[in-house]
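What follows is a short report on a single structure.
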Amino acid sequence: MKIRDLILKRITTLVLPFIQVYGFYIIFHGQISPGGSFAGGIIVALGYIAYATAFGVDEGRAVVPEKVTTYAESYGTLWYALLGLVGIAKGVPFLANKLAGIDVGVPGTISSGGLIALLSIGIGIKVASTMVSLFFTMLEEEV
Amino acid sequence: MNFRPLVAAVVAVMALYAMLAAVAELPPYGAPDNPTFNQLAERYIGKALEETGVLNMVTSIILDYRAYDTMFETVVLFTAALAVMVVLRTDKGMGG
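What follows is the structure in structure tokens.
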């Protein structure tokens, strides 16, 4: 990957913060507005992928080390399952939300939905790390 | 004598008949008393806000009513990443 274009780098640097903020906005507002964890996670991942495309794989890897994606990949689902155990601890089915006595809050606020916001964060991280690790794995392939 | 083409033709005709019979039994498209318009959709549309406190009904379904399904969707993502790594991965950068 040898794209060393000044304009591309400048524009990427300018746009990247907005992409990332927008991605996290989509993840955190999944319970209020359209979008959600899957879409938001992919937007966050695309920010990293744009950076790695413009600046090269090595600099991209410096920002998101392999360890980070590996841990996010592994613990995203575990986080989800641990949140599901809240239901079992309360004596109701796995992944129960309101049934487990969790306050679902006022609809329309960012804290509404009980466990849903926390589950969204887990899935967003998981989706982002999957996209990033697939991207880097395919780029670092030695043919 | 080779019976295979004959057997294949008979099986194909039987399968065709079974599928056409199933299509003939389908309820009319868009009729209001179809089995797809059962109480499940009404439950989701009517009670989603009250039961999950979420304005976005899609989120309320995928992360509350169908949360178990979503959990294994993340497992599918994990498996996809794992499969790509197994196929494409070299030892470079892994420290052996």
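In order, the protein sequence lines correspond to chains A and E.
Take the first sequence: its letter number 93 is residue 93 in our numbering, and every next letter is one higher.
If you count the second sequence from 1, you need to add 1000 to reach our numbering.
The beta carbon of each residue, even a glycine, is placed where N, CA and C say it ideally should be.
Note that this is a predicted model, so its numbers are computed, not measured.
Range of the contiguous alpha helix (DSSP H) that encloses residue i
i: Leu1040 of chain E; result: Gln1039 to Thr1052
i: Gly22 of chain A; result: In the sequence as presented, Gly is not what sits at residue 22 of chain A; that position holds Tyr. Leu6 to Phe28 is the extent of the alpha helix (DSSP H) around Tyr22 of chain A.
i: Asp1069 of chain E; result: Ala1067 to Leu1088
i: Pro34 of chain A; result: No alpha helix (DSSP H) contains Pro34 of chain A, which DSSP labels as neither H nor E.
i: Asp58 of chain A; result: Val57 to Val63
i: Lys90 of chain A; result: Note, Lys90 of chain A: premise wrong, no alpha helix (DSSP H); not H, not E.
i: Tyr1017 of chain E; result: Arg1004 to Ala1024
i: Ser120 of chain A; result: Leu115 to Leu139
i: Thr1036 of chain E; result: Segment: none, Thr1036 of chain E is in no alpha helix (DSSP H) and carries neither H nor E.
i: Val1058 of chain E; result: Met1057 to Ser1060
Proximity below 8 Å, CB of residue i to CB of residue j
i: Lys90 of chain A; j: Gly105 of chain A; result: no
i: Gln31 of chain A; j: Leu1082 of chain E; result: no
i: Ile123 of chain A; j: Ser33 of chain A; result: no
i: Ile27 of chain A; j: Ile121 of chain A; result: yes
i: Tyr1068 of chain E; j: Phe136 of chain A; result: no
i: Gly40 of chain A; j: Leu16 of chain A; result: no
i: Gly114 of chain A; j: Gly1053 of chain E; result: yes
i: Ser133 of chain A; j: Thr69 of chain A; result: yes
i: Ile1062 of chain E; j: Tyr1044 of chain E; result: no
i: Met1071 of chain E; j: Ala81 of chain A; result: yes
i: Leu139 of chain A; j: Val63 of chain A; result: no
i: Glu73 of chain A; j: Ser111 of chain A; result: no
i: Val127 of chain A; j: Ala45 of chain A; result: yes
i: Ala54 of chain A; j: Thr12 of chain A; result: yes
i: Ile116 of chain A; j: Asp1033 of chain E; result: no
i: Val92 of chain A; j: Leu85 of chain A; result: no
Listed by chain order, chain A residues near residue i by CB distance under 8 Å
i: Met1071 of chain E; result: Thr77, Tyr80, Ala81, Gly84 and Leu95
i: Tyr1044 of chain E; result: None at all; the shortest Cβ gap to chain A is about 14 Å.
i: Leu1077 of chain E; result: Lys126, Val127 and Thr130
Partner residues on chain E for residue i, Cβ-Cβ distance less than 7 Å
i: Lys98 of chain A; result: Glu1051 and Thr1052
i: Val104 of chain A; result: Thr1052 and Gly1053
i: Pro65 of chain A; result: What Pro65 of chain A touches in chain E: nothing, since even the nearest Cβ is about 10 Å away.
i: Leu134 of chain A; result: Ala1081 and Val1084
Within chain A, partners of residue i - CB distance below 7 Å
i: Ala1021 of chain E; result: None at all; the shortest Cβ gap to chain A is about 39 Å.
i: Leu1040 of chain E; result: Going along chain A, no residue has its Cβ under 7 Å from Leu1040 of chain E, so there is no contact; the nearest lies around 17 Å.
i: Asp1064 of chain E; result: Asn97 and Ile116
i: Arg1004 of chain E; result: Within 7 Å Cβ-Cβ: nothing; Arg1004 of chain E doesn't reach chain A, min ~43 Å.
Proximal residues of chain E, C-beta to C-beta of residue i below 8 Å
i: Pro107 of chain A; result: Leu1049, Gly1053, Val1054 and Leu1055
i: Glu59 of chain A; result: Near Glu59 of chain A there are no residues of chain E at all, since even the closest Cβ is about 15 Å away, more than 8 Å.
i: Leu119 of chain A; result: Leu1063, Ala1067 and Thr1070
Chain-ordered neighbours of residue i on chain E, where CB pairs are closer than 9 Å
i: Gln31 of chain A; result: Thr1052, Gly1053, Val1054, Leu1055, Asn1056, Thr1059, Ser1060 and Leu1063
Contact set between residue i and chain A, taken where Cβ atoms lie within less than 9 Å
i: Thr1074 of chain E; result: Gly76, Thr77, Tyr80, Gly122, Ile123, Lys126, Val127 and Thr130
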